[in-house]
Structures are given as structure tokens and as C-alpha cells.
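See below for the structure under consideration.
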Amino acid sequence: MDYLRILEQLMKLRRYFRNLCLYILEDFWLQGPGQFLLGNSKPSIADLSLVCEIMQLEFLSERDYLRILSPYKKVLQWIKDTKNATAPYFDEIHMTLFNAQKGIREQMLTQSISSPEGGSKSEVYSEM
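Mapping to my numbering: the sequence shown position 15 is 19, numbers consecutive.
Here it is as C-alpha cells:
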């Protein structure tokens with residue numbers, strides 16, 4: 005197997021597990037009467053921790069971010085609810101991330117990654 009074929013298989017596997025995790029979050033952890041994990045009415049440290057992990061997707065282009073998360077309406081609402089429940093502290097702590105996000109997205113539009121074979125690999129960003 006050559007390098008590119010292995011890389012393609014790894015990217016497919018990564019997408020599969022990412023989507024599986026989002027599906028489990030949506031269909032299991034976000035069930036119940038409350039807005040937060042396990043149906044709680046207030047966010048826990050688990051909500052904060054997991055929202056912060058998922059927010060790493062915000063470094064992708066807005067199109068890719070929405071492509072990945074838009075099928076998971078409960079997840080998107082839960083992210084919003086967690087941010088709102090912890091406002092203004094959540095945004096204050098994440099201000100550096102939000103500022104960096106703008107620059108990174110602009111850079112992604114103007115740059116591409118070169119593969120070892122010399123081709124452009126800008127699509128790697130969108131596969132994460």
C-alpha cells in the first residue's frame with residue numbers, strides 16, 4: 005500500500021469515528037428533559053470540557069464546520085446553551101481562540117499544504 009492510499013484510509017476512519025462520536029452525543033448523552041448532558045438543567049464540568057473539545061472544529065472553514073455539525077441539531081443547540089449558561093465567562097476565556105479563528109480561516113483561504121508528492125493538500129483541513 006502506498007502512502008496516499010494509507011492516508012486516505014486514515015482520513016475515512018477519522019471521519020467515521022468523528023461522526024460516530026457526534027451521533028452518540030446527540031442520540032444518547034443529550035437525551036432527557038434538560039438542556040445539558042444526561043438531561044441536566046445546568047451545565048456540568050463535563051459539558052464545559054466537551055464543548056471546548058468540539059470547539060476545535062471552529063478552526064476549520066465556516067463551510068466545513070457547518071458541514072460537519074449541521075446534521076446534529078441537538079449538539080449545535082447544546083453548544084449554544086452551554087455558552088449562554090456560562091456567559092460572559094465562556095466568551096472571555098475563549099476570546100483568544102475566537103480572535104485566532106479569524107486569522108486561521110483567512111490563512112486557510114490563501115494557503116495550501118503541499119503533499120510529499122508535490123500536489124496541493126488544502127483539503128486536509130476540511131477532513132479533520
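Heads up, the beta-carbon is just placed ideally off N, CA and C, and yes, glycines get one too.
Small disclaimer: the values here were computed from a predicted structure and weren't measured.
Q | Rounded C-alpha distance that separates LEU54 from TYR7 | A | As a working mapping, residue 54 is identified with position 50 in the sequence shown. As a working mapping, residue 7 is identified with position 3 in the sequence shown. If you take the alpha carbons of LEU54 and TYR7, they lie about 33 Å apart.
Note to self: If the criterion is Cβ atoms closer than 8 Å, does the pair TYR76 and LEU41 meet it?
What the structure shows: Counted from its first residue, the sequence shown places residue 76 at position 72. Counted from its first residue, the sequence shown places residue 41 at position 37. No, the pair does not count as a contact, with Cβ atoms beyond the cut-off.
**Prompt:** Is it true that the region 29-36 meets the region 12-21, where meeting means three or more beta-carbon pairs spaced less than 8 Å apart?
**Reply:** no
What is the DSSP secondary structure of GLN39, reduced to helix, strand or coil?
Residue mapping note: residue 39 aligns to position 35 of the sequence shown, counting from 1. Correct three-state label for GLN39: coil.
DSSP on LEU3, reduced to helix/strand/coil? There is no way to answer for residue 3, as the model of the chain reaches only from 5 to 132.
Contacts around VAL79, its chain only, beta-carbon distance under 8 Å, and the 5 residues preceding and following it disregarded: If you number the sequence shown from 1, residue 79 lands on position 75. Around VAL79: LEU26, LEU29, GLU30, LEU34, ILE58 and LEU73.
inquiry  = Here's the rule: buried if 16 or more other CB atoms are within 10 angstroms of the residue's CB, otherwise exposed. What is GLN39?
reply    = In the sequence shown, counting from the first residue as 1, residue 39 sits at position 35. Counting Cβ neighbours within 10 Å, GLN39 comes out buried, since at least 16 surround it.
Checklist entry - What's the call for LEU64, buried or exposed, on a 16-neighbour Cβ count within 10 Å? => result As a first step, residue 64 must be located in the sequence shown, where it is residue number 60. Result: buried.
ask   = Near THR114, what residues of its chain come up, given a Cβ to Cβ distance below 6 Å and the 5 sequence neighbours on each side ignored?
value = Here residue 114 corresponds to residue number 110 of the sequence shown, with the count starting at 1. For THR114, where only same-chain residues beyond five positions count, there are no Cβ hits under 6 Å.
If we ignore side chains and look at the alpha-carbon of each, how far apart do LEU61 and TYR69 end up?
As a first step, residue 61 is located in the sequence shown; it is residue number 57 there, counting from the start. As a first step, residue 69 is located in the sequence shown; it is residue number 65 there, counting from the start. When rounded, the distance between both Cα atoms is 6 Å.
Secondary structure of LYS106, DSSP reduced to three states
Stepping through the sequence shown from its first residue, residue 106 is reached at position 102. Note: LYS106 maps to helix in three-state DSSP.
- Query: By DSSP, does GLN115 sit in helix, in strand, or in coil?
  - Reply: Taking the first residue of the sequence shown as 1, we reach residue 115 at position 111. Here GLN115 sits in coil by DSSP.
Item to check | Endpoints, the alpha helix (DSSP H) within which ASP6 is located | outcome: The sequence position of residue 6 within the sequence shown is 2, counting from 1. Note, ASP6: premise wrong, no alpha helix (DSSP H); not H, not E.
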